[in-house]
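Trainee: 498 is the number that our numbering gives the last residue of the sequence shown; the numbers go up by one with no jumps. Cβ atoms here follow ideal geometry from the backbone N, Cα and C, with glycine treated the same way. Given the structure is predicted, the values throughout are model-derived calculations rather than measurements.
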Amino acid sequence: METVTHFIAGEMISHSDHFIDVFNPATGKVTCSMEMGNAQTVTAAIVAAEEVLPEWKATPPLKRARIMFRFKELLEQNKETIAKLISEEHGKTLPDALGELQRGIENVEYACGAPELLKGEYSSNTGPGISAWSDSKPVGIVAGITPFNFPAMVPLWMYPLAIVCGNCFILKPSEKDPSSTLYIAKLLVEAGLPKGVLSVVNGGKEVVDALIEAPQVKAMSFVGSTPVAEYIYSQGTARGKRVQALGGAKNHAIVMPDAELEGAVSALMGAAFGSCGERCMAISVAVCVGDETAERLIERLIPQIQALRIGAYTQESSEMGPLISKEHFEKVTQYVGEGVSSGANLLVDGRRLNVEGYEEGYFIGGCLFDRVTTEMSIYQEEIFGPVLCIVRVNSLEEGIALINEHEYGNGTCIFTRDGEAAEMFCDEVEAGMVGVNVPLPVPVASHSFGGWKRSLFGDLHAYGPDGIRFYTRRKAISQRWPKRATHEAAQFAFPSQQ
Ligand code: NAD
1 METVTHFIAG
11 EMISHSDHFI
21 DVFNPATGKV
31 TCSMEMGNAQ
41 TVTAAIVAAE
51 EVLPEWKATP
61 PLKRARIMFR
71 FKELLEQNKE
81 TIAKLISEEH
91 GKTLPDALGE
101 LQRGIENVEY
111 ACGAPELLKG
121 EYSSNTGPGI
131 SAWSDSKPVG
141 IVAGITPFNF
151 PAMVPLWMYP
161 LAIVCGNCFI
171 LKPSEKDPSS
181 TLYIAKLLVE
191 AGLPKGVLSV
201 VNGGKEVVDA
211 LIEAPQVKAM
221 SFVGSTPVAE
231 YIYSQGTARG
241 KRVQALGGAK
251 NHAIVMPDAE
261 LEGAVSALMG
271 AAFGSCGERC
281 MAISVAVCVG
291 DETAERLIER
301 LIPQIQALRI
311 GAYTQESSEM
321 GPLISKEHFE
331 KVTQYVGEGV
341 SSGANLLVDG
351 RRLNVEGYEE
361 GYFIGGCLFD
371 RVTTEMSIYQ
381 EEIFGPVLCI
391 VRVNSLEEGI
401 ALINEHEYGN
411 GTCIFTRDGE
421 AAEMFCDEVE
431 AGMVGVNVPL
441 PVPVASHSFG
451 GWKRSLFGDL
461 HAYGPDGIRF
471 YTRRKAISQR
481 WPKRATHEAA
491 QFAFPSQQ
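1. Does the structure place the region 295 to 313 close enough to the region 331 to 340 that three or more beta carbon pairs sit under 8 Å?
2. List the whole-angstrom C-beta distance separating residue 389 from residue 400, where the pair is believed to meet the contact cut-off of C-beta under 8 Å.
3. Hey, residue 16 and residue 36 are a contact pair by Cβ (cut 8 Å); roughly how many whole angstroms apart?
4. Using the Cβ count rule (16 or more neighbours within 10 Å means buried), how would you classify residue 439?
5. Taking only the alpha-carbon atoms, compute the straight-line gap between residue 462 and residue 483 and give it to the nearest angstrom.
6. Short of 6 Å in beta carbon distance, which residues of its chain neighbour residue 479, apart from the five on each side in sequence? Order them along the chain.
7. Assuming residue 153 and residue 221 make a contact with CB atoms under 8 Å, what is their CB distance in whole Å?
8. Nearest to residue 176 by alpha carbon, out of 466, 22 and 77?
9. According to the neighbour-count rule (16 or more other Cβ atoms, all chains shown, within 10 Å of its Cβ), is residue 505 buried or exposed?
10. Under a three-way DSSP split, which group does residue 535 fall into?
11. Check whether the Cβ atoms of residue 156 and residue 104 lie closer than 7 Å to each other.
12. For residue 441, verify whether its CB is less than 6 Å away from any heavy atom of the ligand NAD.
13. Which residue from 308, 468 and 25 puts its Cα closest to that of residue 142?
14. Shorter than 6 Å, the distance from the beta carbon of residue 200 to the closest heavy atom of the ligand NAD, or not?
15. Taking the alpha-carbon positions, what's the residue 113 to residue 65 distance?
16. How many whole angstroms separate the CB atoms of residue 82 and residue 184, which I take to be in contact at a CB cut-off of 8 Å?
17. Could you pull out every unbroken alpha helix (DSSP H) segment of at least 4 residues lying fully inside the region 325 to 405, listed in chain order?
18. DSSP has residue 133 in a bridge; who is on the other side?
19. What is the DSSP secondary structure of residue 196, counted as helix, strand or coil?
20. Three or more beta-carbon pairs under 8 Å between the region 225 to 234 and the region 87 to 105, yes or no?
21. Going by alpha carbons, who is nearest to residue 371 out of 426, 267, 272 and 393?
22. For my contact list, residue 32 and residue 2 are in at a C-beta cut-off of 8 Å; report their separation, rounded to the angstrom.
23. Helix, strand or coil: which one does DSSP assign to residue 167?
24. Using the three-state DSSP reduction, which class does residue 299 fall into: helix, strand or coil?
25. Where does residue 268 fall in DSSP's three states?
26. Buried or exposed for residue 244, please, with buried defined as at least 16 other CB atoms from any protein chain shown within 10 angstroms of its CB.
27. Taking the alpha-carbon of residue 328 as reference, which of 277, 314, 12 and 217 has the nearest alpha-carbon?
28. Along the chain, where does the alpha helix (DSSP H) containing residue 107 start, and where does it finish?
29. Tell me the residue span of the alpha helix (DSSP H) that contains residue 436.
30. State the Cα-Cα distance for the pair residue 447 and residue 7, rounded to the nearest angstrom.
31. Beta-carbon within less than 7 Å of residue 97's beta-carbon, same chain only, minus the 5 sequence neighbours each way: which residues are those?
32. Determine whether the beta carbon atoms of residue 436 and residue 421 lie at a separation below 7 Å.
33. Report buried or exposed for residue 354, applying the criterion of at least 16 other Cβ atoms within 10 angstroms of its Cβ.
34. Please return the same chain residues whose Cβ sits closer than 7 Å to the Cβ of residue 62, not counting the five positions on each side in sequence.
35. Mind checking which residues open and close the alpha helix (DSSP H) that includes residue 218?
36. DSSP three-state call for residue 320: helix, strand or coil?
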């Protein structure tokens, strides 16, 4: 069986005999065996990074960017192989895997603009004979910890930008689907990245804790669930690190009475059930303004959910794959049970789904709940599965208040034809990413991604302009050259331009 170890200083290395199984969620069969790294592995990655950091910091941004241009080409040339690796371990369909890779490549394209992005600011004559400029310096060694649900895209949110900013990067991918992440990292070295600038250390909490403890690691980017985000944020910042930690979500879509309903239904289908609901931007709550809107929406949703084509990525017709693991399948099934026992109306029950030929896979059908209320666990918690909850409200104001009271504030959207309602929604809703008739408002690479409230710990969002700010330190320089003919007397008052 294939084994996955660690990629450090351009070599695959091994440190222990502690391996775990990685599964194909469609078949329930083991695809490979992955080595769990430890503190020793983290030290090896740090040593490799420290060795190359001075040279990498001194490399002009244009030369760093050129490597990203080649990396982009390699990603495109290998996209079918990468998509297959993603789907085999994650379970998502091939078009969905290609989609996440494409969004990742767009972050590489953004990083190709490093010479422009890192250009400083300059002012002459800021005082008598004084000029000033601000420069963006690398932070040093940065670590990234990523979730299972986007094994290609989320790492690509992080390291291309961190690396073009002159940093070295240690990536700890999800232990549930490590193969595509590793494959992609190797392509960057093939593109010409000096060895040691990027290392991949596989593993779990032990590796994360070693990264937190290491004083050489100056910044950490995390994407995953909220409890782990909060843990890494509090532990990392307590040790003086810069941390951005993106957490979980419960994304609401408001459906107004004047919405173009057929379009809204298609949008909700993709946003709630795409990738089996395992997206941090998935819509899991549809907030219908008025009972009539709810009835019209439900009438259209039910047949479409029942007709969802669910299967393995190898079956071309599949629109939705399995959940990531047996444990997660059990958790999602349990949530559906809790929804029923707490009094919500289960209109479509996907729990007893049988996918012929894939009886050992972690498949669950789409589920639709109506009359969901705010005290229910299916409303309060992130299910991370194909479960859409309908909540009924009487007005847009009530819908916005509902969203604002929820502990998460990642993404949200509104379906309406009314510009005034949309403006009010955009203005008042407390979420980091907002869509108007756009169900998954994931910002493009030139904008930054991040939620509010307990969906993000830290100040700066991921990638885009905030990514550049996160991976650099500002330095402001004031400069004056002595003039031969003049000599200033000492000044004891604070210098100003009075
Ligand atoms: P997770 O929190 O279980 O794992 C994320 C990473 O943290 C993995 O690399 C894992 O090995 C590590 N980890 C897990 N437990 C840890 C612990 N106790 N201490 C230290 N490290 C630990 O998340 P997941 O199940 O892989 O991903 C799903 C979650 O990620 C969902 O909550 C989803 O909303 C969230 N997510 C958020 C975003 C976002 O941008 N906000 C994007 C994608 C996913």
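Mentor: If we stick to the structure as given:
1. no
2. Residue 389 to residue 400, Cβ: 17 Å. No contact.
3. Rounded to whole angstroms, the Cβ separation of residue 16 and residue 36 is 7 Å, and the two are in contact under 8 Å.
4. buried
5. 46 Å
6. 131
7. Rounded to the nearest angstrom, the Cβ distance from residue 153 to residue 221 is 13 Å, too far for a contact under 8 Å.
8. 22
9. What is shown of the chain runs 1 to 498, which leaves residue 505 out entirely.
10. Only positions 1 to 498 of the chain appear in the structure, and residue 535 is not among them; the question remains open.
11. yes
12. no
13. 468
14. With a cut-off of 6 Å, the C-beta of residue 200 is classified as distant from the ligand NAD, since no heavy atom of the ligand falls inside that distance.
15. 7 Å
16. Contact holds; Cβ gap of about 6 Å.
17. 326 to 341, 377 to 380 and 396 to 405
18. 122 and 477
19. Shown here, residue 196 sits in coil according to DSSP, grouped into three states, outside any helix or strand.
20. no
21. 393
22. 4 Å
23. coil
24. helix
25. helix
26. buried
27. 277
28. 94 to 111
29. Taken as a continuous stretch (DSSP letters only), residue 436 belongs to no alpha helix (DSSP H), being part of the beta strand (DSSP E) at 433 to 436.
30. 31 Å
31. 83, 86 and 87
32. Taking C-beta atoms as the reference points, residue 436 and residue 421 fail to come closer than 7 Å.
33. exposed
34. 115
35. First-last for residue 218: 217 to 223, but that is the beta strand (DSSP E), not the alpha helix (DSSP H).
36. Note: residue 320 maps to strand in three-state DSSP.
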